[in-house]
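This report concerns only the one structure given below.
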Amino acid sequence: MSVILLAELLDRLSTDEAFIRESENDISVSGLATNAAKNIIEICNELGWSFDLYDSAGTEWRDNELLQDFGPYRLRLRKPSFGGDALVLLTNTGLAEWLRVGHTAVNWQVARLTQRIVTHARVLQSWGEVEPYQPSANTKSPRSLVREFGAERLAPEDVRPWLLREEVSSSFEDPASKVWMRASSLALLNSLADEIDPIDKKLKFKGPPKLSISVPAERASLADDIGVDHFNNLQRAASWVFENEREAELRHGLLANDIARSAGGNGDDFQCFISNISSSLDGAKVAYQVSLSDLGRDTLKMLADLRKAVTEETAKVTDATRQLVTAVAGALAISLGLIAARVSTAASYELIVAVMAVVAAYVGVVIYSGYGFIQLQRQLRRDWQPRLYRFLPRSEYESMVSKPANRAERTFFKVAWGGGVGVAVLTAIVIFGWWGRGAATVKTVEPSPEIPARAVPDATSDVGRSSAASGSAADDGNRKDVSSEPARPASVGGRELDVKPKDAVRPK
1 MSVILLAELL DRLSTDEAFI RESENDISVS GLATNAAKNI IEICNELGWS
51 FDLYDSAGTE WRDNELLQDF GPYRLRLRKP SFGGDALVLL TNTGLAEWLR
101 VGHTAVNWQV ARLTQRIVTH ARVLQSWGEV EPYQPSANTK SPRSLVREFG
151 AERLAPEDVR PWLLREEVSS SFEDPASKVW MRASSLALLN SLADEIDPID
201 KKLKFKGPPK LSISVPAERA SLADDIGVDH FNNLQRAASW VFENEREAEL
251 RHGLLANDIA RSAGGNGDDF QCFISNISSS LDGAKVAYQV SLSDLGRDTL
301 KMLADLRKAV TEETAKVTDA TRQLVTAVAG ALAISLGLIA ARVSTAASYE
351 LIVAVMAVVA AYVGVVIYSG YGFIQLQRQL RRDWQPRLYR FLPRSEYESM
401 VSKPANRAER TFFKVAWGGG VGVAVLTAIV IFGWWGRGAA TVKTVEPSPE
451 IPARAVPDAT SDVGRSSAAS GSAADDGNRK DVSSEPARPA SVGGRELDVK
501 PKDAVRPK
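Sequential numbering of the sequence shown, starting at 1, is according to UniProt numbering.
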């Protein structure tokens with residue numbers, strides 16, 4: 001109970017003249033009057049909390065007697081350690097500051113909180129309460145939907161800490177709950193706008209008609225002005241917009257347009273704006289159902305185009321595989337022919353190697369071109385999927401697009417590996433074969449031994465023989481002289497023509 005008294009005392013001092021800054025481990029209270037400092041020290045002694053006291057000059061004060069002349073004083077209180085990753089807060093002032101800044105802790109323990117607040121990202125409960133809690137899945141960030149041009153972003157980065165898992169059944173009675181309700185209302189209102197003006201912080205809705213609303217963010221009674229009923233309507237509207245990450249952009253635009261249409265004719269009236277949230281949500285849901293029918297027709301058309309694109313892509317990969325098979329088959333046939341040429345003929349070694357190099361290069365170019373085409377298609381699928389087909393769940397996109405394309409690509413890669421290895425092996429055999437060069441055996445025919453040549457008669461002997469054959473029978477003496485000489489053939493044979501002139505024997 002003393003903890004609650006200390007928290008209430010510090011919050012009262014914060015609204016008066018003191019300045020309070022609460023961190024994760026300690027609380028700094030400055031600008032304290034003498035009596036206020038004594039009251040805080042008394043409660044800390046009852047709780048057994050350690051503290052440091054400083055006077056107005058910054059000198060640490062160790063005397064229990066505080067003098068008015070040395071004020072105002074500054075106290076630094078050390079909070080007890082609860083262990084774990086919980087964020088323990090003593091004052092509502094510190095709670096408001098940490099709600100504005102944000103913290104990664106899932107469990108928040110607030111001293112002055114009397115009822116449990118469970119959101120989609122954290123749970124807020126009283127001191128000492130520790131219950132298991134599991135945050136919800138991530139959703140779309142409001143900062144990707146709301147346009148802001150100022151240096152300070154007013155739209156929350158994550159909307160889950162401001163969305164309740166269950167609606168509020170009763171009003172927020174304790175001050176700590178109202179602090180959270182006020183922070184949640186501001187965050188959700190900033191999340192639903194189309195644009196936030198960087199100068200006057202007005203919420204702008206494009207419409208038509210256009211609407212600009214000033215939110216009384218500095219008003220301490222904002223939670224009371226909104227009320228539990230309107231706060232629940234605001235919670236339902238924000239939950240409907242951000243419950244589906246893929247449809248958040250569409251729903252956000254529909255709700256913003258309906259808010260501008262419902263409250264656009266009432267000027268800058270915040271109360272009218274917050275009162276029309278429920279009717280704006282109903283109109284946005286009707287527009288969403290109408291858009292679904294139009295979206296269904298567009299979706300069917302896009303699915304048909306997607307099916308056509310996948311079919312064409314797989315057909316192109318199949319054609320590339322077929323070309324690779326043809327190239328590999330031709331290369332293998334040529335390689336075997338070149339091996340046979342090296343073994344059995346006297347073909348030039350350099351010519352055979354050159355032909356084999358051209359064949360291997362051709363197969364390599366076919367493989368490289370097919371691989372480049374496959375990589376290009378993969379990159380296009382990665383780039384265009386989030387832009388055109390993000391309405392498809394990841395599992396459906398994988399089954400309709402990725403898996404058929406991957407099967408065609410695996411076939412190409414198997415053929416490329418097998419054909420490439422085969423051509424490489426045959427190329428190595430042709431170039432670095434273990435056999436010698438084939439050479440034709442030329443048989444040298446030796447000339448036959450020389451045949452003794454007959455004497456070649458003179459021309460006069462031939463003339464005399466002719467005249468003797470045709471002469472008269474009376475010239476017997478001359479006939480005897482002629483007949484006494486050896487008989488000579490009438491013509492020279494082919495073998496006698498082969499006899500070299502130096503080997504011929506002249507007649508005597």
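We put the CB at the ideal spot given by N, CA and C, even for glycine. A quick note: this is a predicted structure, and the numbers were derived from the prediction, not measured.
Secondary structure at D52: strand, using DSSP grouped into helix, strand and coil. For the pair N232 and E166, the CB atoms are not nearer than the 7 angstroms cut-off. For K204, the enclosing beta strand (DSSP E) begins and ends at L203 to F205.
Boundaries of the beta strand (DSSP E) around I213: L211 to I213. In the structure shown, the three-state DSSP call for L163 is coil. The closest CA to that of S369, considering only A416, M181, R307 and L338, is found on A416.
Per DSSP, L376 is one residue of the alpha helix (DSSP H) stretching across Y349 to L388. In this structure, T34 keeps its C-beta atom at 7 angstroms or more from the C-beta atom of L9. The stretch 197 to 216 and the stretch 242 to 262 touch, with three or more beta-carbon pairs separated by less than 8 angstroms. Note on G94: 16 or more other CB atoms within 10 angstroms of its CB, so buried under the neighbour-count rule.
Around the Cβ of S185, a 10 Å sphere holds 16 or more other Cβ atoms; the residue is buried. A Cβ-Cβ separation of about 22 angstroms leaves P386 out of contact with T314 under the 8 angstroms criterion.
With distances taken between CA atoms, A361 lies nearest to T427 out of T427, K140 and R394.
The three-state secondary structure of E60, taken from DSSP, is strand.
Here the alpha carbon of A237 sits roughly 45 angstroms from the alpha carbon of C44. About 6 angstroms separates the beta carbon of V215 from that of L189, a gap short enough to meet the 8 angstroms contact definition. The alpha helix (DSSP H) runs lying completely inside the stretch 74 to 100 and spanning 4 residues or more number zero. Residue pairing by DSSP places R21 opposite S28 in a beta bridge. Assignment of beta-bridge partners to N107 by DSSP yields V123. Beta-bridge annotation (DSSP): I196 is paired with E148 and L203. In the DSSP assignment, A263 falls within the alpha helix (DSSP H) that extends over A248 to A263. Judged by their CB atoms, L250 and I277 are not nearer to each other than the 7 angstroms cut-off. Look at V118 here: in three-state DSSP terms it is strand.
S344 carries a helical assignment under DSSP once its states are collapsed to helix, strand and coil. Nearest to S335 by C-alpha distance, out of L324, V355 and E247, is V355.
A distance of 7 angstroms or more separates the beta carbons of V353 and I429.
By the CB criterion at 7 angstroms, D26 and R76 fall inside the cutoff. Taking 8 angstroms as the upper bound for CB-CB distance, P135 and V106 are in contact here, some 6 angstroms apart. DSSP places Q235 inside the alpha helix (DSSP H), whose first and last residues are L222 to F242. A223 and L192 have their C-alpha atoms some 18 angstroms from each other.
In this structure D11 is buried. Its beta-carbon is surrounded by 16 or more other beta-carbon atoms within 10 angstroms. When the alpha-carbon of I274 is set against those of Q125, S395 and A256, the nearest one is in A256.
Taken in chain order, the unbroken stretches of alpha helix (DSSP H) that lie wholly in the stretch 261 to 331 and span 4 residues or more are 270 to 275. When secondary structure is reduced to three states using DSSP, N190 falls in the helix class.
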